[in-house]
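**Student:** Below you will find the structure I want to go over with you.
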Amino acid sequence: MNQPNIYEPIRATVEEVIQETPTIKTVVVVPEKPFSFLAGQFAFLTVPGVGEAPFTPSSPPSRKEKTDFTVMKTGKVTEAIHRLKSGDQVGLRGPYGRAYPLKDFEGREVLLVGGGVGLAPLRSLFYALMEQVEKYNRILFCCGAKTPDDYLYKDEVFTEWQSLCACQRLNFRLTVDKKDENWQYQEGVVTCTLDNIDFDVSTAVAAVCGPPIMMKFTTVKLLQLGFRDENIYLSMERKMYCGVGHCRHCLIGTRFVCKDGPVLTFAEIKNEPDAWA
Ligand SMILES: Cc1cc2nc3c(=O)[nH]c(=O)nc-3n(C[C@H](O)[C@H](O)[C@H](O)COP(=O)(O)OP(=O)(O)OC[C@H]3O[C@@H](n4cnc5c(N)ncnc54)[C@H](O)[C@@H]3O)c2cc1C
Ligand code: FES
19 MNQPNIYEPI
29 RATVEEVIQE
39 TPTIKTVVVV
49 PEKPFSFLAG
59 QFAFLTVPGV
69 GEAPFTPSSP
79 PSRKEKTDFT
89 VMKTGKVTEA
99 IHRLKSGDQV
109 GLRGPYGRAY
119 PLKDFEGREV
129 LLVGGGVGLA
139 PLRSLFYALM
149 EQVEKYNRIL
159 FCCGAKTPDD
169 YLYKDEVFTE
179 WQSLCACQRL
189 NFRLTVDKKD
199 ENWQYQEGVV
209 TCTLDNIDFD
219 VSTAVAAVCG
229 PPIMMKFTTV
239 KLLQLGFRDE
249 NIYLSMERKM
259 YCGVGHCRHC
269 LIGTRFVCKD
279 GPVLTFAEIK
289 NEPDAWA
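Each residue of the sequence shown is one higher than the one before, counting from 19 in our numbering.
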């Protein structure tokens, strides 16, 4: 019997393309075959004739019929993704990698800290948490962006999610590096939202995603607050080719970001000099 080709993508049709910010779009794709993932895992999106790149789905993992990818334009593949229109065909392979260990989060306070396009995996995690919100002690979602216009998911962040705060277990802190006259929340980099957190830091868990510099300084702040190394979950990114532990392009020390991650704890990477590269 022929072995299945692990690199062969399934076909998916673009249903919708949402312009989130001047440089970031969310592409909603409908796979031809069942595709499911857990919050934190990633998949490769292929643009025929251009190439493929890894992205973490940003939609609720329980929504099986279509999957969202929130993509920042940085180069060849992401520019091609930004040119997609509804009805276009793409390829999808995955999911790959280690998800957030939600079982371990149960009964604990959960902090999400996201910056810029780093909100993408945290949106998926947030929806997964909210589906079983009674299992977690409290959830605090801290979001940052450069300016109000750079916020992803504006309808959700500023309206829908705020209305969920009636639930005692959930709160948000929103900040921008530079506010405008309509901004009603904090001003400053995302670490400023971590002041005065009244969590039990000996047991609380934190999921952090954003540019490397943001993850580094957020981790430093969490450690100062007393969070434990093993309770800080970081969404790591590296250049990837295979996604399945063959090509060795994604190594951080001895760990494969594609297989052992992309969600790695600070305890797992803290001794690696190139961790924040
Ligand atoms: C597990 C994982 C999940 C990701 N999730 C998302 C996501 O949800 N949304 C999103 O917008 N992006 C995400 N990325 C990053 C995304 O894969 C890259 O932006 C993409 O591969 C760039 O491809 P390109 O052909 O457009 O750019 P290229 O032409 O390949 O590169 C353009 C520039 O980006 C740099 N670059 C490319 N890939 C990476 C990378 N992985 N890490 C750091 N720098 C890189 C290159 O060095 C170069 O400077 C993720 C990456 C990984 C590994
Ligand atoms: S991407 Fe090839 S080993 Fe990780």
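Don't be surprised by glycine CBs; every beta carbon is placed ideally from N, CA and C.
Here's a check: name, in chain order, each residue in its chain whose Cβ is nearer than 6 Å to the Cβ of L252, leaving out the five neighbours to either side.
**Tutor:** Answer for L252: V226, M233, L282, listed in chain order.
**Student:** Taking the alpha carbon of P139 as the reference point, which residue from E34, P66, I215, P78 has its own alpha carbon closest?
**Tutor:** Looking at the Cα atoms, P78 is the closest of the given residues.
**Student:** Nearest-angstrom Cα distance between H100 and I287?
**Tutor:** If I take the Cα positions, the gap works out to 33 Å.
**Student:** Using 10 angstroms around the beta-carbon of A295, count the other beta-carbons present and answer buried if the total reaches 16, otherwise exposed.
**Tutor:** A295 is exposed by the Cβ-count criterion.
**Student:** Check the C-beta distance from R116 over to G58 and give it rounded, since I have them as a contact under 8 Å.
**Tutor:** Correct: roughly 7 Å between the Cβ atoms.
**Student:** Can you tell me whether R266 sits near ligand 2, meaning its C-beta is under 7 Å from at least one heavy atom of the ligand?
**Tutor:** Because some heavy atom of ligand 2 lies under 7 Å away, the Cβ of R266 counts as near it: yes.
**Student:** Given that a residue counts as buried once 16 or more other Cβ atoms are within 10 Å of its Cβ, and exposed if not, what is K51?
**Tutor:** Exposed, since its Cβ has fewer than 16 Cβ neighbours within 10 Å.
**Student:** According to DSSP, which residues form a beta bridge with I157?
**Tutor:** Its beta-bridge partners are V128, L188.
**Student:** Of all the options P27, T44, L56, K239, which has the alpha carbon lying nearest to the alpha carbon of V35?
**Tutor:** When only C-alpha atoms are compared, the closest one is T44.
**Student:** Out of S80, A30, D167, point me to the one whose CA is closest to I42's CA.
**Tutor:** Cα-wise, what sits closest to I42 is D167.
**Student:** Expressed to the nearest angstrom, what Euclidean distance is found between the alpha-carbon atoms of C183 and Y25?
**Tutor:** Computed Cα separation, rounded: 42 Å.
**Student:** Going by C-alpha to C-alpha distance, which of G109, D86, K239 sits closest to V46?
**Tutor:** Of the candidates G109, D86, K239, the one whose C-alpha sits nearest the C-alpha of V46 is D86.
**Student:** Out of curiosity, what's the CA-to-CA distance linking I222 and G67?
**Tutor:** Looking at the sequence provided, one finds Ala at residue 222 rather than Ile. Each residue's Cα considered, the two are about 46 Å apart.
**Student:** Check for me: the alpha helix (DSSP H) holding V95 runs from which residue to which?
**Tutor:** V95 -> alpha helix (DSSP H) spans 94–100.
**Student:** Considering only heavy atoms of ligand 1, does any lie closer than 7 Å to the CB of R256?
**Tutor:** Yes - ligand 1 has a heavy atom lying nearer than 7 Å to the Cβ of R256.
**Student:** Find the nearest neighbour of L56 within the set T236, R141, G162, T237, judged by alpha-carbon distance.
**Tutor:** Measuring from the Cα of L56, the nearest candidate turns out to be R141.
**Student:** Could you compute how far the alpha carbon of G261 sits from the alpha carbon of K196?
**Tutor:** So the two alpha carbons sit approximately 37 Å from each other.
**Student:** Between L212 and C160, is the Cβ-Cβ spacing less than 8 Å?
**Tutor:** Cβ atoms of L212 and C160: closer than 8 Å.
**Student:** Per the contact definition of three or more C-beta pairs closer than 8 Å, is the region 150–160 in contact with the region 183–193?
**Tutor:** With the cut-off at 8 Å, the region 183–193 and the region 150–160 touch.
**Student:** How should R266 be labelled, buried or exposed, when 16 other C-beta atoms within 10 angstroms of its C-beta is the threshold for buried?
**Tutor:** Exposed is the call here.
**Student:** Counting along the chain, where does the alpha helix (DSSP H) carrying P230 start and finish?
**Tutor:** 230–243 is the extent of the alpha helix (DSSP H) around P230.
**Student:** For G228, count neighbouring C-beta atoms within 10 Å of its own C-beta (all shown protein chains included) and say buried if the count is 16 or more, exposed if not.
**Tutor:** Flag for G228 reads buried.
**Student:** Once you ignore the five residues that flank P113 on each side, which residues in its own chain have a CB closer than 6 Å to its CB?
**Tutor:** So the qualifying residues of the chain are F55, Q59, A61.
**Student:** Let me know if A285 comes out buried or exposed under the rule of 16 or more other beta-carbons within 10 Å of its beta-carbon.
**Tutor:** Burial call: exposed.
**Student:** What do you reckon, is the C-beta of G105 under 7 Å from a heavy atom of ligand 1?
**Tutor:** No; taking the cut-off as 7 Å, the Cβ of G105 has no heavy atom of ligand 1 nearer than that.
**Student:** Run through DSSP, which three-state label would C227 get?
**Tutor:** Note: C227 maps to strand in three-state DSSP.
**Student:** Quick check: D198 and T165, are their CB atoms within less than 8 Å of each other?
**Tutor:** Result yes, Cβ atoms of D198 and T165 sit closer than 8 Å.
**Student:** Is R266 helix, strand or coil by DSSP?
**Tutor:** In this structure, R266 counts as coil in the three-state DSSP scheme.
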